[in-house]
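Scroll down for the structure; my scribbles are underneath it.
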Amino acid sequence: MNKDRERTPFMILPPLYRLEPSSEYSWNIRRISEGSNDMALPKDRESLFWIAFRAVPLKDSKIEEKKSVSLTITPTFFFKLIYRPESIMALENKDVIDDVIVEKVNENIVINNKSPLYMTFEYLKVGEVEIKNDGRAITVKPFSTVSVEAPKNVQGKLSWRFNDENFFIIKDKEY
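Residues 1 to 175, numbered by the UniProt record's numbering, are exactly what the sequence shown covers, in order.
Below, the structure is given as structure tokens:
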């Protein structure tokens, strides 16, 4: 998802592929050479990119023949691509779970990620009320702090859960 048309350090092959109904396909994602400075990635932390896959529907020749008005919907699916450099390849999310500090400060939930990995919450709750970031799960960049507005007039413990790289539950925590 690159609105500014910046160059990205990855190439997806093939860029266009016909996928038949009820079939599956694996794309090949390749890292482009680091020879160019504008494509260098940090070596001490993960980098996150969004990939957009667009499902282009077949053209219906019957509609073309009738010259009627038609509406074609092209769904787009977005996926996170997280690049982990060799220097931290051995780390796993479960190894750095204690490097993420979550606390309630005044009317906000403050999340401090002291790890080199992107951390995405499966859930973050105050009492039974789940907290989202613009409707999405909260993802915290490596070595950064995020502040999210806490729900008003809600009492209860602060609880959260992270998943590992394979979407298995790492650990439930409460504060």
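Think of the CB as a built atom: it goes at the ideal place given N, C-alpha and C, for glycine as much as any other residue.
In three-state terms, what does DSSP make of D98?
helix
Helix, strand or coil: how does DSSP classify I12 here?
strand
Restricting to Cα atoms, I'd like to know which of T74, P151, D95 and I170 is closest to S115.
D95
Limits of the beta strand (DSSP E) - the one that S144 falls within
S144 to E149
I think N93 touches F162, with their Cβ atoms under 8 Å apart; what is that distance to the nearest whole Å?
6 Å
Roughly how far, in whole angstroms, is the beta-carbon of E122 from the beta-carbon of A150, given that I think they are within contact range, below 8 Å?
The Cβ separation is near 19 Å, so there is no contact.
Taking 7 Å as the limit between beta carbons, can you name the residues of its chain near N2, skipping five residues before and five after?
Its pLDDT being 46, under 50, N2 is placed unreliably in this model, and the value from its coordinates should be taken loosely. Same-chain partners within the cutoff: T8.
Going by CA-CA distance only, name the one from P15, A40 and S47 that's closest to F143.
S47
Run the CB neighbour count on Y17, radius 10 Å, all protein chains shown included, and call it buried at 16 or more, exposed below.
exposed
Rounded to the nearest angstrom, how far is the Cβ of P85 from that of P42, given a contact under 8 Å?
7 Å
Taking D164 as the reference, which of Y118, K132, V129 and Y25 has the closest Cα?
Y118
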